[in-house]
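Trainee: Using the numbering used here, you'd call the opening residue of the sequence shown number 2 and step up by one each time. Backbone N, C-alpha and C define an ideal beta-carbon position, used for all residues, glycine too. Computed from a predicted model, the values in this text were never measured in an experiment. My questions all concern the structure below.
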Amino acid sequence: MKRRTFLSASLLSTLALTACVPSLKVKQRGPYEYEIRLQAANFELIPGRQTPGLGFNGEYPSPMIRAKQGQPVIIDVINELDEPTTIHWHGIRIDIAMDGVPFLSQKPIMPGEHFRYEFTPPDAGTFWYHPHMNSVVQLGKGLVGLLVVEEADNPHFSPDDYAADLPLMLKNWHLNEDGSFKPLSIPRYAARMGTPGNYETVNGMNRPTMTVPANAWVRLRFANVDNTLVYTLRVKDRPAYIVSIDANPLPEAKPLKHHSIGAGMRVDIAIKTPAAGEEVVIENGKGRLFFDFMRLRSEDRPLKKIAGSTVPMPPANPLSEPDLDKAEKQFFVFEWEGAVTPADRAGKGKHAFWTINRRAWEGMSPENIPEPLAKLELGKSYIFDLKNNTPHRHPIHIHGVMFKVIKSNKKKIEPFYTDTVLMEKNERVQIAFVADNPGRWMYHCHVIEHMKTGLMGYIEIA
Ligand code: C2O
Ligand code: CU
Ligand code: CU
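As structure tokens, then:
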């Protein structure tokens with residue numbers, strides 16, 4: 002199949018080969034220099050059917066960007082769509098000028114224009130990239146890609162400690178049987194859990210089986226690039242371990258029972274694969290039931306290392322530890338408003354269903370940037386007290402920082418770092434972080450329809 006052919010760059014590793022995600026073609030000038038064109042393109046998602054999507058270099062699964070912790074990356078983004086766009090690097094603690102939010106940090110990239118993104122990722126792990134404009138459509142039709150930052154050289158861990166490393170993009174597409182799109186957003190769903198897609202895919206394939214080396218540790222990088230859904234992952238009848246959450250390694254590997262990732266969230270899971278010919282079944286939970294989601298099939302492959310008994314654990318990312326005693330508290334309440342404002346300035350009906358601290362997102366233009374939800378002092382520690390006063394789940398994301406989830410009124414929390422926290426209905430959580438990255442950082446729900454209908458704002462760190 003054409004869309005699954007691989008680019009033969011020297012940097013191509015088992016990473017791409019085992020998981021059917023093409024690596025992005027590397028430019029001549031350096032190992033981490035890329036060019037991406039945003040294009041309308043046909044994808045074959047349902048076998049034998051064409052879906053008129055939008056793709057990075059016209060491909061789905063999108064080309065994966067590989068970077069290395071502490072090494073500069075250059076990505077030239079060329080907009081060949083017929084609408085403006087920007088690209089955001091989700092989870093990367095980046096300079097504000099490169100964060101890819103229209104008006105807040107850069108001008109939109111107009112059709113035919115290009116923009117050079119340059120940054121040096123301080124953290125290793127599984128990240129992703131996506132536009133931050135017209136997101137229901139641009140993300141919904143396929144502009145979602147993975148950005149994997151390999152760990153910097155260190156004496157304790159090498160990416161090769163895993164015999165295979167599989168990037169896995171999870172997305173439910175809104176498709177009719179003939180491959181055409183169903184509506185990506187329906188207001189009555191936008192006002193509830195969001196409009197779910199019906200065609201479940203992992204790297205663009207429904208219930209795929211992927212081959213992995215037998216008797217070896219493999220790292221599965223699950224990324225929820227869906228606009229709406231939560232995936233609850235479980236490995237059937239086999240030990241598996243959570244290694245990292247949203248790019249951040251846990252202090253030690255945690256046995257996986259099941260783990261939920263909301264839109265935008267990632268989890269890296271380690272498995273020791275069975276003997277050649279055997280399969281591992283990975284399931285997704287819906288309600289109380291679990292269903293077949295994808296499989297791994299072990300095959301004999303020469304291994305560089307004999308797999309040990311302990312899970313290979315990458316080192317922690319260099320994050321500042323918030324000072325909880327001195328931290329200043331800020332309170333945020335997420336609510337359902339259910340109002341339909343009569344018309345926006347263009348005279349079009351506009352929905353505002355959700356609010357943060359009683360404000361729905363006011364929209365933004367070059368002349369009109371709304372007030373921040375909070376002004377934070379550079380270098381200070383903060384505790385954000387988040388209250389979900391709605392009967393729906395919200396994956397709440399903040400740009401520019403990683404935060405530590407420290408408390409919940411619904412479950413016992415072993416503190417962990419993340420960039421997106423999934424709030425259960427009526428849950429109240431506390432997160433803490435050091436405001437160490439100056440800029441105006443988006444703060445929003447990653448259910449794209451929620452964000453578009455109010456659940457969005459920004460914080461200012463100065
Ligand atoms: Cu994936 Cu504003 O973020
Ligand atoms: Cu982000
Ligand atoms: Cu939400």
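Taking all protein chains shown into account, do 16 or more other C-beta atoms lie within 10 angstroms of the C-beta of lysine 453, making it buried, or fewer, making it exposed?
Mentor: Buried.
Trainee: Reducing DSSP to helix, strand and coil, say where aspartate 345 ends up.
Mentor: Residue placement at aspartate 345 cannot be trusted, given a pLDDT of 49 that sits under 50; what the coordinates show is reported in the next sentence. Looking at aspartate 345 - three-state DSSP - the assignment turns out to be coil, as it is neither helix nor strand.
Trainee: May I have the straight-line CA-CA distance separating isoleucine 79 from isoleucine 110, to the nearest angstrom?
Mentor: Rounded to whole angstroms, isoleucine 79 to isoleucine 110 spans 8 Å at the Cα level.
Trainee: Leaving out five residues before and five after histidine 451 in sequence, what residues of the same chain have Cβ atoms less than 7 Å from its Cβ?
Mentor: Gly195, Trp355, His395.
Trainee: Give me the Cα-Cα distance between isoleucine 397 and proline 416, rounded to the nearest whole angstrom.
Mentor: Isoleucine 397 and proline 416: Cα-Cα distance of roughly 17 Å.
Trainee: Would a C-beta distance cut-off of 8 Å place glycine 146 and tryptophan 129 closer than the cut-off?
Mentor: Result yes, Cβ atoms of glycine 146 and tryptophan 129 sit closer than 8 Å.
Trainee: Let me check one thing: in DSSP terms, what residues is asparagine 80 bridge-paired to?
Mentor: According to DSSP, asparagine 80 bridges with Leu39.
Trainee: If we count the other Cβ atoms within 10 Å of its Cβ and call it buried at 16 or more, is aspartate 247 buried or exposed?
Mentor: Aspartate 247 comes out buried.
Trainee: Do arginine 296 and glutamate 280 have their C-beta atoms closer together than 8 Å?
Mentor: Yes, Cβ-Cβ distance for arginine 296 and glutamate 280 is below 8 Å.
Trainee: Please go through the same chain and pick out, in chain order, the residues whose beta-carbon is closer than 8 Å to the beta-carbon of serine 136, but skip the five residues on each side of it.
Mentor: These residues qualify, in order along the chain: Asn228, Ile449, Met452, Lys453.
Trainee: Look at the alpha carbon of glutamate 114 and the alpha carbon of leucine 148, and state the distance between them as a whole number of angstroms.
Mentor: Approximately 23 Å, taken between the alpha carbons.
Trainee: Specify which residues have a beta carbon nearer than 5 Å to any heavy atom of ligand 1, listing them in chain order.
Mentor: Checking every Cβ against the heavy atoms of ligand 1 under 5 Å gives His91, Gly265, Met443.
Trainee: Do the CB positions of lysine 381 and glutamate 329 come within less than 8 Å of each other?
Mentor: Yes; because the gap between Cβ atoms is below 8 Å, this pair is in contact.
Trainee: Considering only their Cβ atoms, is the gap separating proline 214 from glutamate 300 smaller than 8 Å?
Mentor: Yes, Cβ-Cβ distance for glutamate 300 and proline 214 is below 8 Å.
Trainee: For phenylalanine 7, name the three-state secondary structure that DSSP assigns.
Mentor: In this prediction, phenylalanine 7 scores a pLDDT of 35, lower than 50, which makes its location untrustworthy; the coordinate-derived value is nonetheless stated afterwards. Coil, per DSSP.
Trainee: Beta-carbon within less than 6 Å of phenylalanine 332's beta-carbon, same chain only, minus the 5 sequence neighbours each way: which residues are those?
Mentor: If we look at phenylalanine 332 and ignore the five residues flanking it on each side, its Cβ neighbours are Asp386.
Trainee: Straight-line CA distance for glycine 458 to glycine 101?
Mentor: Those two C-alpha atoms are separated by around 15 Å.
Trainee: In its own chain, which residues sit with a C-beta less than 7 Å from the C-beta of valine 406, not counting the 5 before and 5 after it?
Mentor: Cβ within range, chain order: Ile414, Pro416, Phe417, Thr419, Val422, Val430, Ile432.
Trainee: Of the choices Phe120, Ser186, Tyr232, whose alpha-carbon is the least far from that of glutamate 34?
Mentor: Checking every option, the nearest Cα to that of glutamate 34 belongs to Phe120.
Trainee: Return yes when the C-beta of histidine 398 is under 7 Å from any heavy atom of ligand 2, and no when it is not.
Mentor: True, at least one ligand heavy atom lies under 7 Å from that Cβ.
Trainee: So, with DSSP's three-state summary, where would you put serine 299?
Mentor: Here serine 299 sits in strand by DSSP.
Trainee: Quick one: does the C-beta of histidine 352 sit closer than 7 Å to a heavy atom of ligand 3?
Mentor: False, no ligand heavy atom lies under 7 Å from that Cβ.
Trainee: Please classify isoleucine 307 as buried or exposed, where buried requires at least 16 other C-beta atoms within 10 Å of its C-beta.
Mentor: Exposed, since its Cβ has fewer than 16 Cβ neighbours within 10 Å.
Trainee: Is the beta carbon of leucine 379 sitting closer than 8 Å to the one on tyrosine 200?
Mentor: Cβ distance not < 8 Å, so leucine 379 and tyrosine 200 don't count as in contact.
Trainee: Kindly provide the ranges of any beta strand (DSSP E) runs that are 3 or more residues long and lie completely inside the stretch 389-413, ordered along the chain.
Mentor: Here the runs fully enclosed are 395-399, 404-409.
Trainee: Within a Cβ cutoff of 8 Å, which residues of the same chain sit near glutamate 178, ignoring the five residues on either side of it in sequence?
Mentor: The residues are Ile47, Arg50.
Trainee: Rounded to whole angstroms, what's the CA-CA distance from glutamate 428 to valine 334? Just pull it up for me.
Mentor: Between glutamate 428 and valine 334, the C-alpha separation is close to 11 Å.
Trainee: Compute the minimum distance between the beta carbon of histidine 157 and the heavy atoms of ligand 2, and state whether it is under 7 Å.
Mentor: No; taking the cut-off as 7 Å, the Cβ of histidine 157 has no heavy atom of ligand 2 nearer than that.
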